[in-house]
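Some notes on the structure that comes next.
Number of protein chains: 2
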Amino acid sequence: MSVSAKAFNALGDPTRRFIFEKLRDRPLAVVDIADGLPVSRPAVSQHLKVLKEAKLINLKIVGNKNIYEVNREGILAMRNYLDRFWSEALDNFKKLAEQTEKENKQE
Amino acid sequence: MSVSAKAFNALGDPTRRFIFEKLRDRPLAVVDIADGLPVSRPAVSQHLKVLKEAKLINLKIVGNKNIYEVNREGILAMRNYLDRFWSEALDNFKKLAEQTEKENKQE
DNA sequence: ACTTACGGTAAGTTTATACTTACGGATAAA
DNA sequence: TTTATCCGTAAGTATAAACTTACCGTAAGT
C-alpha cells in the first residue's frame, strides 16, 4: 500500500481528521490529544498509529510523554498524487479528443 | 460536511480509488466501470454516488447510458485543504518558536 | 521504594459501511 | 410493440473498522 493510499485512508475517518487538525496547531502528547475527544484514550492511540503509518504525523518521545506532530511527507504524497492524477487526466482527455477528430475525418 | 472532507472520505475506500483511477483514463458508462471489478454493478453505482457527492466525478446522461468523468472540483478542494493545512502548521510552528524564545530570555 | 501519570497492545463488542439480491423505470434495438 | 440494455434504489446481510475495558511496562514525581 502506497503512502498516498494510506494517507487517504487515514484522513477518510472524521475522528482522525479531527486529531490531525488538532496537531496542526501544536505538537501534543497523547493525553492532550485525547482530552476533549468523545472517544477513549486507547482509541486515540489506535488512530495515532494509523496516522503515523500514513506518514501524516510522527512521534517524539520525551521522558514518559509521547509527543506527536504533523509530518509533511504524507501531505506531500497526497498532493503529488492529486497533481499527477489531474495532469494525466488532462493528457488522456487531449488524446481522446485527437482520436475522435481523426475518426470524424475518416467518415 | 465540506467538499474536501467528503473527498477524503470517498478516496479512503480502495474500490472507490480504483474506480476513480479508471475514470482518469477516459469517461466511462457504469457497465464499463463495473466490468472487471470484483463487486456487483449496484455496488459500483453506490460508490459512484459517493464519488459524485464529493465532486470527484460528474455525470453526463447520453441516451440510456450514464457516463461518468473526473471532476476537478473535488481534487482542488483536497489540494487546497492540504496546502492551507501545511501553511497554517508552519505559521503555528513559527509562533511557538518565538514564544519559546521569549520565555527562555525571561528566565 | 512507592505511587502516580503516561500510553501502547490485546481481546472482545458494537457500529458503520461495503456488499448482495431483487426490483422497477427509462431508453434503445429488434 | 416486444425485447434487451442500462442503471438507480430498497432492503437485508456480511464484513471491516472503530470502539470499549482490561492489562502491563516505563518514566517521573514523592
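Residue numbers (my numbering), protein chains in the order written: chain C, 451 to 557; chain D, 451 to 557.
By construction, the Cβ of each residue, glycine as well, lies at the ideal position given by its N, Cα and C atoms.
Here the structure is a predicted model, which means the values were calculated and not measured.
Closest Cβ-Cβ distance between residue i and chain D: below 8 Å?
i	result
residue 462 (chain C)	yes
residue 516 (chain C)	no
residue 429 (chain C)	The structure shown has nothing for residue 429 (chain C), since chain C only spans 451 to 557.
Name, please, each residue of chain C whose Cβ falls closer than 8 Å to the Cβ of residue i.
i	result
residue 455 (chain D)	464, 467
With H, G and I counted as helix, E and B as strand and the rest as coil, what does DSSP make of residue i?
i	result
residue 526 (chain C)	helix
residue 516 (chain D)	strand
residue 521 (chain D)	coil
residue 479 (chain C)	strand
Chain D partners of residue i, CB-CB under 8 Å?
i	result
residue 525 (chain C)	532, 535, 536
At a CB-CB cut-off below 7 Å, which residues of chain C make contact with residue i?
i	result
residue 520 (chain D)	539
residue 546 (chain D)	476
Run the proximity test for residue i: is its beta-carbon closer than 7 Å to any non-hydrogen atom belonging to the ligand NAP?
i	result
residue 461 (chain C)	The model on display carries no ligand, and the ligand NAP is accordingly not part of it.
Could you name the residues of chain D that residue i contacts, counting a contact when the two beta carbons are closer than 7 Å?
i	result
residue 459 (chain C)	462
Between residue i and chain C, is any beta-carbon pair separated by less than 8 Å?
i	result
residue 491 (chain D)	no
Thinking residue i and residue j are a contact (beta carbons under 8 Å), I'd like their distance in whole angstroms, please.
i	j	result
residue 523 (chain C)	residue 505 (chain C)	4 Å
*asked:* Under 8 Å: do the segment 471-485 of chain C and the segment 502-519 of chain C share three or more Cβ pairs, one atom per stretch?
replied: Judged by pairs of C-beta atoms under 8 Å, the segment 471-485 of chain C touches the segment 502-519 of chain C, as three or more such pairs exist.
*asked:* For the segment 521-541 of chain D against the segment 453-468 of chain D, do three or more pairs of beta-carbon atoms, one drawn from each stretch, fall closer than 8 Å, so that the two count as touching?
replied: When C-beta atoms of the segment 521-541 of chain D are compared with those of the segment 453-468 of chain D, three or more pairs fall below 8 Å, so the two segments count as touching.
*Does the segment 465-472 of chain C come close enough to the segment 485-494 of chain C that 3 or more CB-CB pairs lie under 8 Å?*
Yes, the segment 485-494 of chain C is in contact with the segment 465-472 of chain C.
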